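Okay, so here's the structure we're looking at.
Chains as they are written, first to last, in our numbering: chain X, 1 to 325; chain V, 1001 to 1511.
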């Protein structure tokens, strides 16, 4: 094991010798893959900042927040990129995040005025299924139909939590009733998005909880138009992905520059076809071809961070109660 | 067991046991300390505990009951490919969960082979989701492990006894009663307890195939406490609950395990000329065929699917594969060495301690180490070292269950002679233990290496770009919609895990 520690030491030394300051960005796993937005954004920002951007992938959004909380003020991260609206409340409570001081003209369906978190992309949750079928157009119709669905567990995944909030914000006190009616449609509940989407592609269920933008991936990257997202009359719950600067960062100015770059046209243009989400600020070239085929929900649903925090535990109990029958 | 003067490593073994205990308790203490104390379990936690116990008990029972005929057939038949078949029994256990589940779905899923066949026969499709799905997957993972444990038991019955039974022309039922039943009495409780304990920690399988919140396990509750609630007190409490159940299971297993009373043989290869022929031979062939289909079907499915993704292998793959290999080989060697050291102490409590890592989830260990390391050094610098440490601990119980009985047998059968010859210390290791324990050591190291290869737990807590492992790499691909590439990585992972396992296992020699 010794040589591992030596190797780690050498790496640290080589970083210390380098002249450029290092900006450490914690993000979720899929962000910094060959197909993710990470490489392009890193390259783009490094071209002008005179710095070295280092992405550190740390699980999904929830795991990201846990990691930051574990490290506390000793964290090496300057920027945390990839929390979402369900986690903002808990993230703000930690007191680890600083005001970002960045402003932009957001193209979000909702107003945004959070001083600590900058939205960089967003999407609508939706059920995705095969094109050509006669699909239900509401939770109630879905519950009455014989369509099988695979969803994610709200206790271990952010889309699972999003679905919980979706039903809650659309139906309020009737949420428990809706879940009871949906129970016989649920084939299974997976720990995360990857497993659920995998099961759907294997044909284990008719529908999977994903995003309205998922069909764009199949259409643009695979030239496959067989997947569609189902428009629901109740409206669609949003997931807004945010980034924040840590109070403990010793590169705050650089971190601000990075967030400004992230909201600029270059970075925003990368997101739709790498992260498969909508850009938070519409880039100059607009959305890529193919995005115009996606459904456009008329009623965006989103709870504030406080509402979501307050509603979560009761909603989780309803969900568990209804699906445990 | 009368305690004789311990010839090698008594003190060393005790020291190692105390180190293991420290490695287990320190992270729990760190979490409790950071949390400022534990909290009482709620109603949902108790429900999770009940489900966890139920599915673990069922999985252990079914796995062992099905393993008995398979191990028996393997023990008394000699045929071409037998050795390969025994190595194959190591494969499912070491598969990363997400790879294995894909394989199982190809066979048992809605569009799977089984439902196709049922459809052809005009029968309704079966659903793999629910308690039976969880048990099915756990049996797929653990039945082969039970086969190996039982097979070692069968091999340990001296050949002379079977020859005597054959000379006396004893009917199979008498052979079973006189020779095989006492062995089963000795080996089965340990196998049951080991598989029970393994299934207690099940998380992804129970969730994916469980069908919903009914299938909540304690491990999921721990996961939630860490990831979403960041409730360290609750996580530590749940970890203690899990620790208590597994400790109880391990103690019960050791208590009901009777000393193997077969006595000394002449250490020759077992030749089973006594094995009954005719219908019995056909029955054994049928049992083995079913086992081969059950075990290899999902594996072939993974291979078939993965081949399509092989031409899409992304950058960084070989680095991740290299990281995984380094961690796996280190884990294999360290875990086998540690298990040998613990076994050499030949004390019950040392062995019980060695089984305890099974009781702590990797997430608990990792988080604890993170908290301990954080004030001293950036934890990401220790990513691979931490992953190796946790993997060694996680594999230790399996190694120990394989290595300790083998060492016991060698000491009982040949120890007195070695004592008379004054073989002590390294000489005893070199001349007495290693030659006779090679199969057990090889199998133990193989298990440890392969388990570590497929592990996706701790690394997510510590990982940074240079230190991804293959399973993590695969998850990242799935998250980026690269399902085919992920399947290709899954195949590579399967090949590396299984290759490493086979290398150690075959290197160990006959079993």
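Think of the CB as a built atom: it goes at the ideal place given N, C-alpha and C, for glycine as much as any other residue. Bear in mind that the values here come from a model prediction, so they are computed numbers and not experimental data.
From the beta-carbon of residue 1367(V), the residues of chain X found nearer than 8 Å are 70.
Residue burial is scored here from C-beta neighbours: residue 1079(V) has fewer than 16 other C-beta atoms within 10 angstroms and is therefore classed as exposed. For residue 210(X), there is no enclosing alpha helix (DSSP H); the enclosing beta strand (DSSP E) has its first and last residue at 207 to 211. Proximity of residue 1228(V) to chain X, defined by a Cβ-Cβ separation below 8 Å, is satisfied. Out of 1094(V), 1101(V) and 1153(V), the CA that lies nearest to the CA of residue 1128(V) is found in 1101(V).
At the C-beta level, residue 210(X) and residue 126(X) come within 8 Å of one another. Contact residues of the segment 73 to 103 of chain X toward chain V are 74, 76 and 90 (C-beta to C-beta distance below 8 Å). In chain order, 1109, 1110 and 1111 make up the part of chain V whose C-beta sits under 8 Å from the C-beta of residue 203(X).
Shown here, residue 273(X) sits in a helix according to DSSP, grouped into three states.
The shortest CA-to-CA distance from residue 294(X) to any of 75(X), 123(X) and 95(X) is the one to 123(X). With respect to the 8 Å criterion, residue 1235(V) and residue 1364(V) are classified as neighbours on the basis of their beta carbons.
Residues 220 and 288 of the same chain have their beta carbon placed closer than 7 Å to that of residue 273(X), with the five preceding and five following residues left out of the count. Taking a Cβ-Cβ threshold of 7 Å, the residues of chain V close to residue 155(X) are 1220, 1224 and 1228, in chain order.
Between the alpha carbons of residue 1434(V) and residue 1090(V) lies a distance of about 22 Å.
Taken through DSSP and simplified to helix, strand or coil, residue 299(X) comes out as coil. Bridge pairing for residue 1377(V): absent [DSSP].
Chain-ordered listing is empty here: chain X has no CB closer than 8 Å to the CB of residue 1237(V), the nearest sitting near 17 Å. Looking at the backbone, the Cα of residue 1194(V) and that of residue 1384(V) are separated by about 27 Å. Burial of residue 320(X) is indicated by the presence of at least 16 other C-beta atoms within 10 angstroms of its C-beta. Distance from the CA atom of residue 1202(V) to the CA atom of residue 1219(V), rounded to whole angstroms, is 7 Å.
Here DSSP, grouped into helix, strand and coil, assigns residue 25(X) to strand. DSSP places residue 1356(V) in the helix class (H, G or I) of the three-state scheme. Closer than 8 Å to the CB of residue 116(X) there is not a single CB belonging to chain V.
For residue 236(X), the pairing in a beta bridge is given by DSSP as 300(X). For residue 29(X), a Cβ of chain V is located within less than 8 Å of the residue's own Cβ. Distance from the CA of residue 1446(V) to the CA of residue 1504(V), rounded to the nearest whole angstrom, comes to 5 Å. By the criterion of a C-beta distance shorter than 6 Å, residue 1027(V) is surrounded in its chain by 1365, 1368 and 1369, once the five residues flanking it on both sides are discounted. Shortest Cα-Cα distance from residue 1187(V) to any of 1436(V), 1402(V), 1171(V) and 1491(V) involves 1402(V). Following the DSSP letters along the chain, one finds residue 1236(V) inside the alpha helix (DSSP H) bounded by residues 1232 to 1256. Taking a beta-carbon distance threshold of 8 Å, residue 1481(V) counts as an interface residue toward chain X. Contact with chain V is found for residue 188(X), since one of that chain's Cβ atoms lies less than 8 Å from the residue's Cβ. When Cβ-Cβ separations below 8 Å define contact, residue 1209(V) makes contact with chain X. Burial check for residue 1395(V): the Cβ neighbour count within 10 Å reaches 16 or more, so the residue is buried. Residue 1216(V) sits in coil when the DSSP states are folded into three classes, being neither helix nor strand.
The segment 1156 to 1175 of chain V and the segment 1138 to 1147 of chain V do not touch, with fewer than three beta-carbon pairs separated by less than 8 Å. By the Cβ neighbour-count rule, residue 1286(V) is exposed, with fewer than 16 other Cβ atoms within 10 Å of its own.
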